[in-house]
Amino acid sequence: DAGVIQSPRHEVTEMGQEVTLRCKPISGHNSLFWYRQTMMRGLELLIYFNNNVPIDDSGMPEDRFSAKMPNASFSTLKIQPSEPRDSAVYFCASSSRASGGDTQYFGPGTRLTVL
Amino acid sequence: DAKTTQPPSMDCAEGRAANLPCNHSTISGNEYVYWYRQIHSQGPQYIIHGLKNNETNEMASLIITEDRKSSTLILPHATLRDTAVYYCIVNNQGGKLIFGQGTELSVKP
Chain A
54 DAGVIQSPRH
64 EVTEMGQEVT
74 LRCKPISGHN
84 SLFWYRQTMM
94 RGLELLIYFN
104 NNVPIDDSGM
114 PEDRFSAKMP
124 NASFSTLKIQ
134 PSEPRDSAVY
144 FCASSSRASG
154 GDTQYFGPGT
164 RLTVL
Chain B
115 DAKTTQPPSM
125 DCAEGRAANL
135 PCNHSTISGN
145 EYVYWYRQIH
155 SQGPQYIIHG
165 LKNNETNEMA
175 SLIITEDRKS
185 STLILPHATL
195 RDTAVYYCIV
205 NNQGGKLIFG
215 QGTELSVKP
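Structure below.
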């Protein structure tokens, strides 16, 4: 299995630009999670989906952030407009209740730098 | 807020057992104890989880006290590649993982 795939692995952009992060979950998994990691705040859950439906977006910092899951094999996290304080590593994870629990498998992350 | 307390750092000699403690005194009856680790610059990696009974897999053993208020993750023969931040998380299977600061384990030659 290829695991969770994220793209791009690194992104450098200028303040005000739109940024789109992409995630392909493990095939057969029905839950998908977006996390953000910074030195100051550690790992934070931003939003998660069950069966492509957003369940909890209370961690989304503000309206500049949006996430979609148009089908079971793809999700995006968009930041528009981006700001320097959005610089962080963004992780996507997926899980399947069928596997006997909510064990989450994480992707390699996207390191975002906003100048 | 994280519901667990872990020491911020620990050292372990290579080849020895690493015992990482976690306090979760407010754990509820339906909450599991999960352990993940994060090696520098990588995504968190699942290690093991349990509810009441002790658990063992190819990576580690999890010992949960009878009152479930604390647990210990045991890496039986630590290697340099086990150097990482280890996170203890309680979760009610509701999907959300709340990560605390974890324990930074340094395995030394």
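Residue numbers (my numbering), protein chains in the order written: chain A, 54 to 168; chain B, 115 to 223. Glycine residues also receive a C-beta, built at the ideal position from the N, C-alpha and C atoms. For clarity, every value in this text was computed on a predicted model and none was experimentally measured.
Contact with chain B by residue i, beta-carbon distance below 8 Å
{"i": "P161 (chain A)", "result": "yes"}
{"i": "D109 (chain A)", "result": "yes"}
{"i": "F174 (chain A)", "result": "Not covered by the structure: residue 174 (chain A). The range shown for chain A is 54 to 168."}
{"i": "T91 (chain A)", "result": "no"}
{"i": "C98 (chain A)", "result": "The sequence given here has Leu at residue 98 (chain A), not Cys. Output row for L98 (chain A): interface = yes."}
{"i": "T156 (chain A)", "result": "yes"}
{"i": "S140 (chain A)", "result": "no"}
{"i": "S84 (chain A)", "result": "yes"}
{"i": "F174 (chain A)", "result": "Coverage of chain A is limited to positions 54 through 168, which leaves residue 174 (chain A) absent and any answer about it impossible."}
{"i": "G42 (chain A)", "result": "For chain A, the structure presents residues 54 to 168; residue 42 (chain A) sits outside this window and is missing."}
{"i": "S152 (chain A)", "result": "Only weak support is given to the placement of S152 (chain A): the predicted model assigns it a pLDDT of 48, under 50, and the question is left unresolved by the model."}
Cα-Cα separation between residue i and residue j, rounded to whole angstroms
{"i": "S128 (chain A)", "j": "V106 (chain A)", "result": "11 Å"}
{"i": "I161 (chain B)", "j": "G69 (chain A)", "result": "39 Å"}
{"i": "V65 (chain A)", "j": "Y158 (chain A)", "result": "26 Å"}
{"i": "G81 (chain A)", "j": "I203 (chain B)", "result": "25 Å"}
{"i": "T217 (chain B)", "j": "L96 (chain A)", "result": "14 Å"}
{"i": "N103 (chain A)", "j": "F118 (chain A)", "result": "19 Å"}
{"i": "S135 (chain A)", "j": "N124 (chain A)", "result": "25 Å"}
{"i": "I100 (chain A)", "j": "K131 (chain A)", "result": "12 Å"}
{"i": "Y201 (chain B)", "j": "E71 (chain A)", "result": "33 Å"}
{"i": "T140 (chain B)", "j": "P190 (chain B)", "result": "28 Å"}
{"i": "M124 (chain B)", "j": "N168 (chain B)", "result": "23 Å"}
{"i": "R62 (chain A)", "j": "R75 (chain A)", "result": "10 Å"}
{"i": "M122 (chain A)", "j": "K222 (chain B)", "result": "43 Å"}
Chain A within 8 Å of residue i, Cβ atoms only
{"i": "G143 (chain B)", "result": "no"}
{"i": "Q120 (chain B)", "result": "no"}
{"i": "G157 (chain B)", "result": "yes"}
{"i": "G164 (chain B)", "result": "no"}
{"i": "N205 (chain B)", "result": "yes"}
{"i": "L211 (chain B)", "result": "yes"}
{"i": "L160 (chain B)", "result": "Inspection of the sequence shows that residue 160 (chain B) is occupied by Tyr rather than by Leu. Chain A contact via Cβ: present."}
Classification of residue i by the beta-carbon crowding that lies within 10 angstroms, buried from 16 upward
{"i": "Q133 (chain A)", "result": "exposed"}
{"i": "G143 (chain B)", "result": "exposed"}
{"i": "L168 (chain A)", "result": "exposed"}
{"i": "I153 (chain B)", "result": "exposed"}
{"i": "L194 (chain B)", "result": "exposed"}
{"i": "M92 (chain A)", "result": "exposed"}
{"i": "R89 (chain A)", "result": "buried"}
Per the contact definition of three or more C-beta pairs closer than 8 Å, is the segment 146-161 of chain B in contact with the segment 171-188 of chain B? yes
May I ask you to verify whether the segment 177-192 of chain B touches the segment 140-149 of chain A, counting CB pairs closer than 8 Å and requiring at least 3? no
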